[in-house]
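To keep things clear, I will list the structure first and then write my remarks on it.
Residue numbers (the working numbering): 260 to 502.
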């Protein structure tokens, strides 16, 4: 009886564990991606880097679209895909503006504010339970942000830190919309349409200060496109499985 009860509890926790594993995989991939993108954004205009990152994210997905056919990637609600893409593009504009100007340590620390906005939104819009452990973890992360970034927010030196901080609620809105989309869209559809919408929204700013990338930079963006699509796939799978 005790063994059966233990097995039942493990089965109940299984989706949560799977969600955490997908989320952890996304975090690892995004860490590598952010380091690569920072280097590329220092060499080219940040908005051009943003455009090429998502353009190549779409390029690496085209073989899957070709294999399964366009019908398999037709969204049920196009408006939801474009709304999600608009919020994500706005967050990216702020993020890429600050990316070449602040250290990776600051960028990582500021990223810990994202879960706070996401948890508030999940509680308000999805009625997800907010246990005290979640708020404690988010609070510890926020204290870490203040320790790392706080001293730099005084004077003009912290301007780009504030710009990076402003991107957090935009990304939170994007992720909350993604969570909503997982209720009726497949992971593949969400992934393809994110790359498509962000690419379209990013074109005007990318053309303002366009520079011809080198062969090495093209290869770097191709790698970033693959890593970005992989990271968002893992993240979207985690949103589908668990809170």
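Cβ coordinates follow ideal geometry from the N, Cα and C atoms, glycine included. Bear in mind that the values here come from a model prediction, so they are computed numbers and not experimental data.
Rounded Cβ spacing between residue i and residue j (contact assumed at less than 8 Å)
i           : j           : result
residue 278 : residue 501 : 3 Å
residue 377 : residue 434 : 6 Å
residue 345 : residue 460 : 6 Å
residue 462 : residue 341 : Not confirmed; about 14 Å, so no contact.
residue 488 : residue 324 : Not quite, the Cβ-Cβ distance comes to about 12 Å (not below 8 Å), so this is no contact.
residue 357 : residue 422 : 4 Å
residue 294 : residue 493 : The pair is not a contact, with the Cβ atoms about 17 Å apart (cut-off 8 Å).
residue 476 : residue 299 : 6 Å
residue 306 : residue 464 : 4 Å
residue 497 : residue 281 : 4 Å
residue 471 : residue 408 : The Cβ separation is near 36 Å, so there is no contact.
Whole-angstrom distance between residue j and residue i, CA atom to CA atom
i           : j           : result
residue 406 : residue 417 : 14 Å
residue 332 : residue 447 : 7 Å
residue 381 : residue 439 : 10 Å
residue 301 : residue 273 : 42 Å
residue 495 : residue 437 : 7 Å
residue 466 : residue 304 : 10 Å
residue 286 : residue 469 : 30 Å
residue 263 : residue 490 : For residue 263, the predicted structure reports a pLDDT of 49, less than 50, and the residue's modelled location is therefore unreliable. A value from the coordinates is still provided. Using only the alpha carbons, I get a separation of about 36 Å.
residue 235 : residue 396 : Examination of residue 235 is not possible in this model, given that the chain is present from 260 through 502 alone.
residue 430 : residue 348 : 9 Å
residue 450 : residue 483 : 15 Å
residue 354 : residue 486 : 18 Å
residue 339 : residue 313 : 19 Å
residue 400 : residue 289 : 18 Å
residue 269 : residue 334 : At residue 269, the pLDDT of 44 sits below 50, so the modelled position is not reliable; the number obtained from the coordinates is stated separately. Using only the alpha carbons, I get a separation of about 35 Å.
residue 292 : residue 388 : 32 Å
residue 266 : residue 457 : Note that residue 266 scores 49 on pLDDT, short of 50, meaning its location in the model is unreliable and no value can be drawn from it.
residue 420 : residue 360 : 9 Å
residue 444 : residue 379 : 23 Å
residue 328 : residue 478 : 27 Å
Three-state secondary structure (DSSP) of residue i
i           : result
residue 468 : coil
residue 442 : coil
residue 300 : helix
residue 326 : helix
residue 306 : helix
residue 335 : coil
residue 320 : coil
residue 362 : coil
Residue i beta carbon near the ligand ZN (any heavy atom closer than 6 Å)
i           : result
residue 388 : Among the components modelled here there is no ligand, and therefore nothing to report on the ligand ZN.
Check: What are the uninterrupted segments assigned as alpha helix (DSSP H) that are 4 or more residues long and contained completely in the segment 374 to 438, given in chain order?
Finding: The alpha helix (DSSP H) runs lying completely inside the segment 374 to 438 and spanning 4 residues or more are 391 to 408, given in chain order.
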